[in-house]
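Some notes on the structure that comes next.
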Amino acid sequence: MVGGLAKVLADTYSLYLKTHNFHWNVEGPMFNTLHLMFMEQYTELWNALDAIAERIRSLGYPAPGTYSQFAKLTSIEETEGVPDALEMVRLLVAGHEAVARTARATFPAAEKGGDESTADLLTQRLQVHEKTAWMLRSLLK
0 MVGGLAKVLA
10 DTYSLYLKTH
20 NFHWNVEGPM
30 FNTLHLMFME
40 QYTELWNALD
50 AIAERIRSLG
60 YPAPGTYSQF
70 AKLTSIEETE
80 GVPDALEMVR
90 LLVAGHEAVA
100 RTARATFPAA
110 EKGGDESTAD
120 LLTQRLQVHE
130 KTAWMLRSLL
140 K
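Following this line, the structure appears as structure tokens:
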């Protein structure tokens, strides 16, 4: 279960970094909308990092916290260069879907261990990532 939470933490951090990067570098006719939306999203991700890391700590394990640890654990690929605005949106949809998959994969261990607190945290994260992916996908129609 802790290994799964570490992957959720790494995916969340990687998505945070990608979203913040896109916030800084977005251009085009949708600039203002995306700039503000990305800021809301990276702020939410930043706040989630603490909750996930503190859950790992409360289970008695050290939380990963370095780029090299996150690189080994994350399922989210780095984006080279600066994509156009719609590609940024597509990449963030894929990122939110990836974090949701990682969180979902951690559920069986939490349920098997009777860990309602971890299951609750995973449920909250799933709700955020599924909703955010839907909102971003709506921009691509």
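For the sequence shown, numbering that gives the first Met the number 0 begins at 0 and goes up steadily by one.
Ideal Cβ placement from N, Cα and C applies to all residues, glycine included.
*Using CA coordinates, which residue listed in Val-7, Phe-69 and Lys-17 is at the minimum distance from Phe-37?*
It is Lys-17.
*Quick one: give me the first and last residue of the alpha helix (DSSP H) that Ile-51 is part of.*
30-57
*Beta-carbon separation of Leu-8 and Ala-47 under 7 Å?*
no
_Here's the rule I'm using: 16 or more other beta-carbon atoms within 10 Å means buried, otherwise exposed. How should Asp-49 be labelled?_
exposed
*Who are the Cβ neighbours of Leu-138 in its own chain at under 7 Å, not counting the five residues just before and after it?*
Val-88
*Closest to Ser-57 by CA distance: which of Tyr-12, Val-92 and Thr-117 is it?*
Thr-117
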